[in-house]
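In the numbering used here, the protein residues as written are 7 to 72.
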């Protein structure tokens, strides 16, 4: 097995782990989600909410340009 070594109990788990790890290329940049997550999280915390509870309008205020 090439790449990172992980302890797996079964062949099925080993295959699943290898497939999962092969999905990510550490040398490739991920596309931006175009949202300022730090500011959004601070806003949610300040208002006693979690990010998933914010409305679409509240989230739209934190959109960044791509």
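Here a beta-carbon is modelled for each residue, glycine too, at the ideal position from N, C-alpha and C.
Predicted model only: the values in this text are computed from it and were never measured.
By the three-class DSSP mapping on this structure, what secondary structure does residue i have?
i: residue 69; result: strand
i: residue 61; result: coil
Hey, is residue i close to the ligand SAM, as in C-beta under 7 Å from one of its heavy atoms?
i: residue 32; result: With respect to the ligand SAM, the structure shown offers nothing to examine, as it has no ligands at all.
Roughly how many whole angstroms lie between the Cα atoms of residue i and residue j?
i: residue 53; j: residue 22; result: 40 Å
i: residue 24; j: residue 35; result: 21 Å
i: residue 58; j: residue 33; result: 30 Å
i: residue 38; j: residue 71; result: 10 Å
Starting from residue i, follow its DSSP beta bridges and name the residues at the other end.
i: residue 39; result: DSSP lists no partner for residue 39.
Check whether the region 39-46 touches the region 62-72, counting contact only when three or more Cβ pairs, one atom from each stretch, lie closer than 8 Å. The answer is yes - the region 62-72 touches the region 39-46, with three or more Cβ pairs under 8 Å.
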